[in-house]
Amino acid sequence: MQFPVKMNVVQVLGRALARRLLRPVSEEGLESVRPVVHAVDGISFRIEKGEILGLVGESGCGKTTTGRVVLRLLKPTQGRIVFEGTDISALKESELRPLRPRMQIIYQDPHAALNPAMTIGQSIMDPLLIHTELEDEEATEAALRAMAEVGLVPAEEFFTKYPADLSGGQQQRAVIARAILLKPSLIVADEPVAMLDMSVRARILELLLELKARYGLTYLFITHDLATAKFVCDRIAIMYLGRIIEVGPTRTIFADPKHPYTKALLSAIPVPEPGRERPQALPRGEVPDAILPPMGCRFHPRCPVALPTCGWEGRDFVDYLEQRRLDSARAAMEEEALGPIDAWSTSGRSAFRRVEPERAEALLRGVRGVLKDAPAVLAEAVESVEAVGGKEVVVRFRPPVPLVPTQIEGREVECLLYQTAKP
Amino acid sequence: MSETVLRVQGLTVHYHTRRGPVRAVDDVSFDLREGETLGVVGETGCGKSTVGKAILGLLPPRTLVRGALTLRGKDLLKLPEAEYRRLRGEELALIFQDPMTRLDPLMTIREHFEETIRAHDPGASKDEAAARAVKVLRSMGIPESRLDHYPHEFSGGMRQRIMIAMALVLNPKLLVADEPTTALDVIVEAQILEILKDLRRAYAMTLLLITHNLGIVAEVSDRTAVMYAGKLAELGPVADVFRRPIHPYTQGLLASTIHLRTERLRSIDGVPPSLLDPPSGCRFHPRCPFAKDVCQEEEPPMVEYRPGQFAACHFGGDFV
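For the protein sequence lines, the chains are A and B, in the order given. Just so it is clear: in the first sequence, position 139 is 139 by my numbering, and no numbers are missing. Just so it is clear: in the second sequence, position 205 is 1205 by my numbering, and no numbers are missing.
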């Protein structure tokens, strides 16, 4: 089975920071400005039959959205999803329904995935009763067999229990039993062990691997936990803010990660070895907003080895000004020389502020002084600093070099450090 | 020998429920020394959060509490609420898991700090409060320009830094952090851990760190206390407990922790016991690969099997 997924922007109408619905003057005049969360922004990948592909990243990277879209629980804004040779991207729900038994999902929170008012047996049987012509008795038999397979034994005892009577690990086994009953070919596992205690995780992971071997299953394994992904997955794709930034065989990536973000992730994992020193400095800041992602390479504002062409923009300059004011000794001086932070505006590659003509020179000097002091890459990324029309000081950065996924040493990475091809 | 900041003696906490008393913590004792970081670690239901809440006087009413909690000579369990309120903030501070639930969405950060500072120092002016807030926020990497923002305008990691700043602004002697990074991404988590480590170095702060994550304990703690089913299983310097664990539960927990160098998947058989009716003798015996008859009959005492390293196991000596 080949499973190419090409998706562009998935439009998720999420938390609106600035929802403005303007009144229509006429039908044509209607303008609604709804911010779009670029949850997944142009990713392509395949999952080969029988493999476990890991989708790894922190919150906001788009991995959960990807998992949902792959199963058509969400509709992609653009792009194609081809499942077992069928393009399911735009199918209606009624056309999807016969395919659904072949694609299942296991969620992170088993407690939320099981109806508290249904017994375990009923929950597990439910999909059979919906999708097949089986009688209750046959469905019950099938459910009991599945429960035995996942280790919920004695199955007859667990059959009549309610979710609240089970531990987290047992609940997750019930969820897995329900997922395999319809004999799916693809299972999307979204953080299947994240909410389980450490001492229990291994058994659930082992169960997933056993079932894969027994039934020839294929998994899309979604997690933020690199250590688990390393153990379970054949290949992994690392996501950051809607993009896949590195993808390849697990062993290859862990032995020699290329992308600075992958390296940072690996280095950040707390390891139960007292006295271990972190191999490198942590990137600063956090994953930014997916509504207005950084220009160029989305990781550039936090990247310890960024280049001047990685996508520097006005917002980075203002962030830098703000960072400088953490130093109490110079905060007052900078406020004097460059003005309060909110006097500065940004638009794409530029940061600018209005200024009285007689103060323009002084402000220009102040900005140039700040840049002389700045990290080399920020200074080198500047294209121009000038007073426009005598009353606006503008700092403009060089345009980014567009990113092109690059094959290097057995994996694909999206990073200018490795990019040799001309876009 | 540094001073003991907190002495926990025979702490017992039974929650009142309709089905009977839940024995969340049973006869737990340890000392917390000045300037040290003690990582209290264990899985769901082990009682570690309950210990934290007991220290801060945040247990629900009608909870049975026995034993002694002595903070620099004061018995916290006998303290009237008014005294406790004063203590919280000035001597004892707490950081929780989810800062969003602890910050008032209708108050700016400035207002949060004003409230905290003036609750303990009614004479402080708004300007003084703001100045103190700015200083401690800067040390957490939060610029002054954000003082008048609301909690929802910050990311998760920044909110946690704000929480830490608020906890520190009154210069407490003891900071209790209950799963401070569980809700955060791994890179932000690492940043917060660096902050906690800096606090130890710069302020010689005493920190009680409660977590289920062994990696965090290894990184930040001096000593660790491993809890299981309401009891203390093992206590000792973090390097010793991690490299040469004595209690079979500690051994199992370490072995089943998945990290980058994990070769084999391991787990502990069985499930954690009910705290309504815990197993007799050693509470771990039903799951312990080394259990013998005595383990079911008698509760094991805490024995110092190596200097500074204690374990509650009848056969701890076999593992030394």
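Backbone N, C-alpha and C fix where the C-beta goes; we use that ideal spot for every residue, glycine too.
#### Entry: Neighbourhood of L1147 (chain B) by C-beta distance below 6 angstroms, restricted to the same chain and skipping five residues each side
For this step, residue 1147 (chain B) is matched to residue 147 along the second sequence. Counting only Cβ-Cβ distances below 6 angstroms, and skipping sequence neighbours, we find I1109 and R1110.
### Task
Assign L30 (chain A) to one of two classes, buried (16 or more other C-beta atoms within 10 Å of its C-beta) or exposed (fewer than that).
In the first sequence, counting from the first residue as 1, residue 30 (chain A) sits at position 30. Model confidence at L30 (chain A) stands at a pLDDT of 43, short of 50, so the residue's coordinates are unreliable; what they give is reported in the following sentence. Under this definition L30 (chain A) is an exposed residue.
### Message
Against chain A, which members of the segment 1230 to 1261 of chain B pass a CB distance test of less than 7 angstroms?
### Response
V1238, A1239, F1242, G1252, L1253, L1254, S1256, T1257, I1258, H1259 and L1260
### Message
Does the segment 271 to 289 of chain A come into contact with the segment 298 to 315 of chain A, if we say contact requires no fewer than three beta-carbon pairs (one atom in each stretch) closer than 8 angstroms?
### Response
yes
### Message
Can you tell me which residues form a DSSP beta bridge with E1304 (chain B)?
### Response
Mapped onto the second sequence, residue 1304 (chain B) falls at position 304. E1304 (chain B) pairs with B:F1310.
### Message
With H, G and I counted as helix, E and B as strand and the rest as coil, what does DSSP make of L22 (chain A)?
### Response
Start at 1 with the first residue of the first sequence, and residue 22 (chain A) comes out as number 22. Reliability of the predicted coordinates at L22 (chain A) is poor, the pLDDT of 35 falling under 50, and no value is obtained from them.
### Query
From G1141 (chain B) to Q1191 (chain B), what distance separates their C-alpha atoms?
Translated into positions along the second sequence, residue 1141 (chain B) becomes position 141. Translated into positions along the second sequence, residue 1191 (chain B) becomes position 191. Between G1141 (chain B) and Q1191 (chain B), the C-alpha separation is close to 11 angstroms.
### Task
Identify, in the order they occur along the chain, each residue of the same chain with its Cβ nearer than 7 angstroms to the Cβ of H124 (chain A), setting aside the five sequence neighbours on each side.
What you label residue 124 (chain A) is simply residue 124 of the first sequence in a count that begins at 1. Residue 124 (chain A) is actually Ile in this sequence, not His. Around I124 (chain A): A143, A146, M147, A174, A177, R178 and L181.
### Message
Can you check whether the C-beta of E1144 (chain B) is within less than 9 angstroms of a C-beta belonging to chain A?
### Response
Position 144 of the second sequence holds residue 1144 (chain B). At least one chain A Cβ lies under 9 angstroms of E1144 (chain B).
### Task
Return the chain-ordered ranges of every beta strand (DSSP E) run that is complete within the segment 1071 to 1129 of chain B and spans a minimum of 3 residues.
1092 to 1095
### Query
Secondary structure at S328 (chain A), three-state DSSP: helix, strand or coil?
Here residue 328 (chain A) refers to the residue found at position 328 of the first sequence. Correct three-state label for S328 (chain A): helix.
### Message
For P1279 (chain B), would you say it is in contact with chain A, using Cβ-to-Cβ distances shorter than 9 angstroms as the test?
### Response
Your numbering for residue 1279 (chain B) matches position 279 in the second sequence. False, the Cβ-Cβ gap to chain A never drops below 9 angstroms.
### Query
Whole-angstrom Cβ separation of G242 (chain A) and P293 (chain A), contact assumed at under 8 angstroms?
What you label residue 242 (chain A) is simply residue 242 of the first sequence in a count that begins at 1. What you label residue 293 (chain A) is simply residue 293 of the first sequence in a count that begins at 1. Correct: roughly 7 angstroms between the Cβ atoms.
### Query
Cβ atoms of V393 (chain A) and E383 (chain A): under 9 angstroms apart, would you say?
Residue numbering aside, residue 383 (chain A) sits at position 383 when the first sequence is read from its first letter. Residue numbering aside, residue 393 (chain A) sits at position 393 when the first sequence is read from its first letter. No, the pair does not count as a contact, with Cβ atoms beyond the cut-off.
### Task
Figure out for me which residue from A:D165, A:K75, A:P399 and A:E51 has the closest Cα to the Cα of G121 (chain A).
Position 121 of the first sequence, counting from 1, holds the residue named residue 121 (chain A). The candidate whose alpha carbon is nearest that of G121 (chain A) is A:D165.
### Closest residue to P1172 (chain B) among B:C1282, B:M1205, B:G1317 and B:G1252 (Cα-Cα distance)
Stepping through the second sequence from its first residue, residue 1172 (chain B) is reached at position 172. Nearest option by C-alpha distance: B:M1205.
### Residues from the segment 349 to 363 of chain A in contact with chain B, defined by Cβ distance under 9 angstroms
none
### Message
With a threshold of 9 angstroms between beta-carbons, can R1138 (chain B) be considered close to chain A, or not?
### Response
For the purposes of this step, residue 1138 (chain B) is taken as residue 138 along the second sequence, with counting starting at 1. Output row for R1138 (chain B): interface = yes.
### Query
E1189 (chain B): which of A:D316, A:L266 and A:L208 sits nearest, CA to CA?
One-based indexing of the second sequence puts residue 1189 (chain B) at position 189. Ranking the options by Cα distance to E1189 (chain B), first place goes to A:L266.
#### Entry: For V1169 (chain B) and R1138 (chain B), the rounded distance between their alpha carbons
Numbered from its first residue, the second sequence carries residue 1138 (chain B) at position 138. Numbered from its first residue, the second sequence carries residue 1169 (chain B) at position 169. Approximately 12 angstroms between the Cα atoms of the pair.
### Task
Out of B:V1028, B:A1202, B:E1194 and B:Y1203, state which residue places its alpha-carbon closest to the alpha-carbon of V1217 (chain B).
Counted from its first residue, the second sequence places residue 1217 (chain B) at position 217. It is B:E1194 whose Cα lies nearest to the Cα of V1217 (chain B).
### Query
Hey, how far is the Cα of L22 (chain A) from the Cα of Q78 (chain A)?
Residue numbering aside, residue 22 (chain A) sits at position 22 when the first sequence is read from its first letter. Residue numbering aside, residue 78 (chain A) sits at position 78 when the first sequence is read from its first letter. Because the pLDDT of L22 (chain A) is 35, which lies under 50, any placement of that residue in the model is unreliable, and the question is left without a value.
### Task
Only counting runs of 4 or more residues, tell me where the alpha helix (DSSP H) segments fall wholly within the segment 1005 to 1038 of chain B, in order along the chain.
none
### Query
Using the beta-carbon count (16 or more within 10 Å), is I130 (chain A) buried or exposed?
Walking along the first sequence from the start, residue 130 (chain A) turns up at place 130. Classification for I130 (chain A): exposed.
### Query
Which residue comes first and which comes last in the beta strand (DSSP E) that contains G121 (chain A)?
Position 121 of the first sequence holds residue 121 (chain A). Premise fails: G121 (chain A) lies in the alpha helix (DSSP H), I120 to H131, not in any beta strand (DSSP E).
### Query
At least one CB of chain A closer than 9 angstroms to the CB of A1218 (chain B): is that the case?
Counting from one through the second sequence, the residue named residue 1218 (chain B) turns up at place 218. Closer than 9 angstroms: yes.
### Message
For a test of the three-state rule: what should DSSP assign to T140 (chain A), helix, strand or coil?
### Response
As a working note, residue 140 (chain A) is residue 140 in the first sequence. Helix.
### Query
Going by DSSP, what residues sit across from L1323 (chain B) in a beta bridge?
Past the edges of chain B, shown from 1001 to 1320, lies residue 1323 (chain B), and the structure says nothing about it.
### Query
Residues in the segment 189 to 210 of chain A with C-beta within 7 angstroms of chain B's C-beta atoms, listed in sequence order?
D197, M198, S199, V200, R201, A202, R203, L205 and E206
### Task
Give the range of the alpha helix (DSSP H) segment to which Q1160 (chain B) is assigned.
The residue you call residue 1160 (chain B) lines up with position 160 of the second sequence. Note, Q1160 (chain B): alpha helix (DSSP H), G1156 to L1168.
#### Entry: Short Cβ contact (9 angstroms threshold) for L1077 (chain B) with G1067 (chain B)
For the purposes of this step, residue 1077 (chain B) is taken as residue 77 along the second sequence, with counting starting at 1. For the purposes of this step, residue 1067 (chain B) is taken as residue 67 along the second sequence, with counting starting at 1. Cβ distance < 9 angstroms, so L1077 (chain B) and G1067 (chain B) count as in contact.
### Query
Hey, is A268 (chain A)'s beta-carbon within less than 9 angstroms of any beta-carbon in chain B?
The count along the first sequence starts at 1 and reaches residue 268 (chain A) at position 268. Taking Cβ atoms only, chain B reaches closer than 9 angstroms to A268 (chain A), which makes this a yes.
### Message
I'd like to know if the segment 1235 to 1247 of chain B and the segment 1256 to 1268 of chain B are in contact, where contact means that at least 3 CB-CB pairs between them fall below 8 angstroms.
### Response
no
### Message
Could you give the first and the last residue of the continuous alpha helix (DSSP H) run that contains P1248 (chain B)?
### Response
Numbered from its first residue, the second sequence carries residue 1248 (chain B) at position 248. Taken as a continuous stretch (DSSP letters only), the alpha helix (DSSP H) holding P1248 (chain B) covers P1248 to A1255.
### Task
Can you check the segment 184 to 230 of chain A for any alpha helix (DSSP H) of at least 4 residues that lies completely inside it and give the ranges in chain order?
198 to 215
#### Entry: C-alpha distance - Q11 (chain A) paired with A39 (chain A), whole-angstrom precision
In the first sequence, the residue the question calls residue 11 (chain A) occupies position 11. In the first sequence, the residue the question calls residue 39 (chain A) occupies position 39. Bear in mind that a pLDDT of 33 at Q11 (chain A), under 50, signals an unreliable position, so the number given afterwards is only what the model happens to contain. Near 7 angstroms, if we compare the C-alpha coordinates of A39 (chain A) and Q11 (chain A).
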